[in-house]
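Below is one structure, written out as C-alpha cells; comments come after it.
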Amino acid sequence: MSYAKFLLKRLAQGVFVVWGVVTVTFALRALAPGDPVNLIVDPGASPELRDQIRREVGLDQPLYVQYVEYLQGLLVGDLGFSYQSRRDVTVMVAERLPATLELAIAATIVAIVIAIPLGVVSATRRHEPADYGATTFSLVGISTPNFWLGIMLILVLSVQVGLFPVSGRPVGLGEAVMVFVTTGYAHDLVTWLRHITLPAITLGTYFTALITRLTRSGMLDELGKPYVTATEAKGLPGVLVRYKHVLRNTMIPIVTVLGLQLGTLIGGAVITEAVFNWPGLGSRLISAIYAVDWPLIQGIIIVIGIGFVLINIVVDSIYAYLNPRVTDE
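Numbering (my numbering), first residue to last: 331 to 659.
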C-alpha cells in the first residue's frame with residue numbers, strides 16, 4: 331500500500347469515528363429525560379408559548395429530521411445554539427479551546443522534559459539506586475489521582491509557600507506572546523507561566539510516569555541488540571552510542587504514544603481544570619452538565635472527539651513516514 335493510500339484510509343476511518351461520536355451524542359441527547367423547552371422558557375409557561383418555542387427551534391420535527399439538520403450544520407461549522415446561555419455553541423467552544431490546548435501542550439512538555447532523561451538514566455544504570463528511584467517515581471506517578479495531586483500542590487506551593495497562584499488564567503499565551511513581541515514587555519508571559527505551572531504538572535504527572543517506563547523499556551530493548559555491541563567494539567564512546575543511536579531508535583514508539591496521549595490529555599483535563607479553575611473546555615463542560623445544556627455538551631464532546639481523531643491521524647502519518655513497513659500492514 332502506498333503512503334497516499336494509507337493516508338486516505340486513515341482519513342476515511344477518522345471520518346467514520348467522528349460520525350460515530352456525533353451519532354452517539356445525538357442519541358444520548360434524544361434519550362435524556364426532561365423537556366429542552368424548559369431551558370428556554372419557564373416551566374409554568376402556557377402550552378401555546380411552549381409549542382411556539384418548540385416549532386421555532388425545530389424540536390417539533392421528527393428525530394431523524396433533527397439529526398440530518400444537525401449534521402448539515404456541523405458540515406458548515408455550526409455546533410448549535412445553547413438554550414441556557416442563549417449563545418452559539420461554536421463561539422462558546424472557541425472561547426475555551428485555546429486554554430485547554432495550552433494546558434495539554436504544557437503538560438506534554440513537562441512530561442517530555444522529565445520523563446525521557448529519567449528513562450535513559452534508569453535504563454543505563456539498571457539495578458542501581460537511580461534505576462530504583464525512577465521506577466518508584468513512575469509507580470507513584472501512575473498511582474496518584476490528579477485531583478489529589480492538584481490539591482496538594484495548591485496547599486503546599488500556593489497557600490503555604492506562595493510560589494504560584496492558586497488558580498485562574500488572567501492572560502492567554504497568544505496574548506502574552508503578542509505583547510512581548512510588540513512591546514518587549516514580559517510581565518504577561520511570566521504571569522501566564524506562573525499560572526499554568528501547577529496545572530501542567532498535575533495533568534502531566536501520569537503522562538510523565540508512563541513515558542518514563544516506556545523510555546526505560548525501549549532503551550533496554552535497544553541496548554541488547556547486536557548493533558550496540560558492534561558500535562562499541564568500533565571504539566565509539568558509550569554516551570554517543572546511547573544518545574545518538576539507541577535513544578533515536580527508542581523515540582519512534584515514544585513519539586506515537588506522545589501524540590496519542592496528547593489527545594487523551596485534551597479530553598482528560600476536565601478534573602484538572604476544575605481544581606485550578608482553569609477556563610478551558612473541561613470546566614465549561616462541567617457547567618453545561620450541571621445546567622443540562624445538551625447543545626453545549628454535544629458541541630464540546632464533538633470538538634474533543636475531532637481533536638483526538640486528528641491527532642491520531644497525524645501520529646499515524648508520521649509513524650508511517652518514519653517506518654514505511656506500517657503501510658504494508
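Built from N, CA and C at the ideal position, the CB exists for glycine as well.
Are the C-beta atoms of Thr-521 and some chain D residue less than 8 Å apart? No chain D is present in this structure, which holds just one protein chain.
Under the three-state reduction of DSSP, which class applies to Phe-411: helix, strand or coil? As a working mapping, residue 411 is identified with position 81 in the sequence shown. In the three-state reduction of the DSSP assignment, Phe-411 falls in the strand class.
Quick check: what's the CA-CA separation for Ile-472 versus Ala-599? Locating residue 472 in the sequence shown gives position 142, where the first residue counts as 1. Locating residue 599 in the sequence shown gives position 269, where the first residue counts as 1. Taking the straight line joining both Cα atoms gives about 16 Å.
Flag this pair as yes or no: are the beta carbons of Phe-336 and Ala-441 separated by less than 8 Å? Here residue 336 is taken as the residue at index 6 of the sequence shown, counted from 1. Here residue 441 is taken as the residue at index 111 of the sequence shown, counted from 1. Ala-441 is positioned such that its CB atom lies no closer than 8 Å to that of Phe-336.
Arg-578, buried or exposed, once every other Cβ within 10 Å from all chains shown has been counted against 16: Here residue 578 is taken as the residue at index 248 of the sequence shown, counted from 1. Within 10 angstroms of the beta-carbon of Arg-578 lie fewer than 16 other beta-carbons, which makes it exposed.
Secondary structure of Arg-385, DSSP reduced to three states: The sequence position of residue 385 within the sequence shown is 55, counting from 1. Three-state DSSP puts Arg-385 in a helix.
Proximity of Gly-612 and Thr-438 at Cβ, strictly below 8 Å: As a working mapping, residue 612 is identified with position 282 in the sequence shown. As a working mapping, residue 438 is identified with position 108 in the sequence shown. Result no, Cβ atoms of Gly-612 and Thr-438 do not sit closer than 8 Å.
Can you give the Cα-Cα distance for Arg-416 and Leu-615, rounded to whole angstroms? Position 86 of the sequence shown, counting from 1, holds the residue named residue 416. Position 285 of the sequence shown, counting from 1, holds the residue named residue 615. Roughly 16 Å separates the two Cα atoms.
If you follow the alpha helix (DSSP H) that Phe-537 is in, where does it begin and where does it stop? Counted from its first residue, the sequence shown places residue 537 at position 207. Element bounds for Phe-537: 517-553.
Strictly by DSSP, which residues pair up with Asp-623? Translated into the one-based positions of the sequence shown, residue 623 becomes position 293. Its beta-bridge partners do not exist; DSSP assigns none.
Take Pro-529 as the anchor and find which of Glu-425, Pro-495 and Ile-632 has the nearest alpha-carbon. Counted from its first residue, the sequence shown places residue 529 at position 199. The shortest CA-to-CA distance from Pro-529 to any of Glu-425, Pro-495 and Ile-632 is the one to Pro-495.
Helix or strand or just coil, what does DSSP make of Gly-418? Residue 418 sits at position 88 when you count from the first residue of the sequence shown. The residue asked about is misnamed: residue 418 is Asp in this sequence, not Gly. Strand.
Which class does Gly-344 belong to by DSSP, given the choice of helix, strand or coil? In the sequence shown, residue 344 corresponds to position 14, counting from 1. In this structure, DSSP gives Gly-344 a helical state, which the three-state scheme calls helix.
Below 8 Å, how does it come out for the segment 421-430 and the segment 627-645: are there three or more Cβ pairs, yes or no? Result yes; three or more Cβ-Cβ pairs closer than 8 Å.
Using a threshold of 8 Å, state whether the C-beta atoms of Ala-453 and Leu-540 are closer than that. Indexing the sequence shown from 1 puts residue 453 at position 123. Indexing the sequence shown from 1 puts residue 540 at position 210. No. Outside cutoff.
Note the first and the last residue of the continuous alpha helix (DSSP H) segment covering Thr-465. What you label residue 465 is simply residue 135 of the sequence shown in a count that begins at 1. Note, Thr-465: alpha helix (DSSP H), 459-473.
So, Trp-624 versus Arg-359, is the Cβ gap smaller than 8 Å? As a first step, residue 624 must be located in the sequence shown, where it is residue number 294. As a first step, residue 359 must be located in the sequence shown, where it is residue number 29. Contact: yes.
Give the C-beta separation of Ile-584 and Thr-545 to the nearest angstrom, bearing in mind that I take them to be a contact with Cβ-Cβ under 8 Å. As a first step, residue 584 is located in the sequence shown; it is residue number 254 there, counting from the start. As a first step, residue 545 is located in the sequence shown; it is residue number 215 there, counting from the start. Right, their Cβ atoms sit about 6 Å apart.
For the segment 477-495 against the segment 512-531, are there 3 or more C-beta pairs whose distance is under 8 Å? Taking 8 Å as the limit for Cβ pairs, the verdict is that the segment 512-531 does touch the segment 477-495.
Rounded Cβ spacing between Ile-637 and Gly-410 (contact assumed at less than 8 Å): Translated into positions along the sequence shown, residue 637 becomes position 307. Translated into positions along the sequence shown, residue 410 becomes position 80. In the sequence as presented, Ile is not what sits at residue 637; that position holds Gly. Under the criterion of beta carbons closer than 8 Å, Gly-637 and Gly-410 do not qualify as touching, at roughly 18 Å.
Starting from the C-beta of Arg-455, find all residues in its chain whose C-beta is less than 6 Å away, skip the five residues before and the five after it, and write them out in chain order. For the purposes of this step, residue 455 is identified with residue 125 of the sequence shown, where counting begins at 1. Excluding positions up to five away in sequence, the list reads Asp-461.
I'd like the list of long-range same chain contacts for Ala-464, defined as Cβ closer than 8 Å, with 5 residues on each side in sequence excluded. Your numbering for residue 464 matches position 134 in the sequence shown. Cβ within range, chain order: Leu-448, Gly-449, Val-451, Ser-452, Thr-542 and Arg-546.
In whole angstroms, what separates the C-alpha of Glu-505 from that of His-517? One-based indexing of the sequence shown puts residue 505 at position 175. One-based indexing of the sequence shown puts residue 517 at position 187. Take the alpha-carbon of Glu-505 and the one of His-517: they are about 12 Å apart.
Helix, strand or coil at Phe-494 [DSSP, three-state]: For the purposes of this step, residue 494 is identified with residue 164 of the sequence shown, where counting begins at 1. Here DSSP, grouped into helix, strand and coil, assigns Phe-494 to coil.
Please look up how many angstroms separate the CB atoms of Gly-589 and Val-509, rounded, as I've assumed it's under 8 Å. Counting from 1 along the sequence shown, the entry for residue 589 is found at position 259. Counting from 1 along the sequence shown, the entry for residue 509 is found at position 179. Not really, about 31 Å apart at Cβ, beyond 8 Å.
Does the distance from the C-beta atom of Ile-596 to that of Phe-477 stay below 8 Å? Mapped onto the sequence shown, residue 596 falls at position 266. Mapped onto the sequence shown, residue 477 falls at position 147. No; because the gap between Cβ atoms is not below 8 Å, this pair is not in contact.
Between the Cα of Pro-609 and those of Val-419, Val-351, Gln-414 and Leu-427, spot the shortest distance and give me the residue it belongs to. As a first step, residue 609 is located in the sequence shown; it is residue number 279 there, counting from the start. Answer by Cα proximity: Leu-427.
CB-CB under 6 Å to Leu-487, same chain, minus the five flanking residues each way: which ones, in chain order? Position 157 of the sequence shown, counting from 1, holds the residue named residue 487. Excluding sequence neighbours, Leu-487 sits near Leu-493 and Phe-494.
Name the residue from Thr-521, His-525, Arg-524 and Ile-582 whose alpha carbon lies nearest to the alpha carbon of Met-549. Here the question's residue 549 lines up with position 219 in the sequence shown. Here the closest residue by C-alpha is Ile-582.
Name the residue from Ala-357, Thr-353 and Val-501 whose alpha carbon lies nearest to the alpha carbon of His-525. Indexing the sequence shown from 1 puts residue 525 at position 195. With distances taken between Cα atoms, His-525 lies closest to Val-501.
Specify the secondary structure class of Pro-609 as computed by DSSP and reduced to three states. If you number the sequence shown from 1, residue 609 lands on position 279. Coil, per DSSP.
Between the CA atoms of Glu-603 and Tyr-649 - distance to the nearest angstrom: Counting from one through the sequence shown, the residue named residue 649 turns up at place 319. Counting from one through the sequence shown, the residue named residue 603 turns up at place 273. Going from the Cα of Tyr-649 to the Cα of Glu-603 covers about 31 Å.
Can you tell me which of the three DSSP states Asp-390 falls into? Taking the first residue of the sequence shown as position 1, residue 390 is located at position 60. In the structure shown, Asp-390 sits in coil (DSSP, three-state: anything other than H, G, I, E or B).
Determine the DSSP secondary structure at Gly-480, reduced to helix, strand or coil. Walking along the sequence shown from the start, residue 480 turns up at place 150. The three-state reading of DSSP puts Gly-480 in helix, counting H, G and I together.
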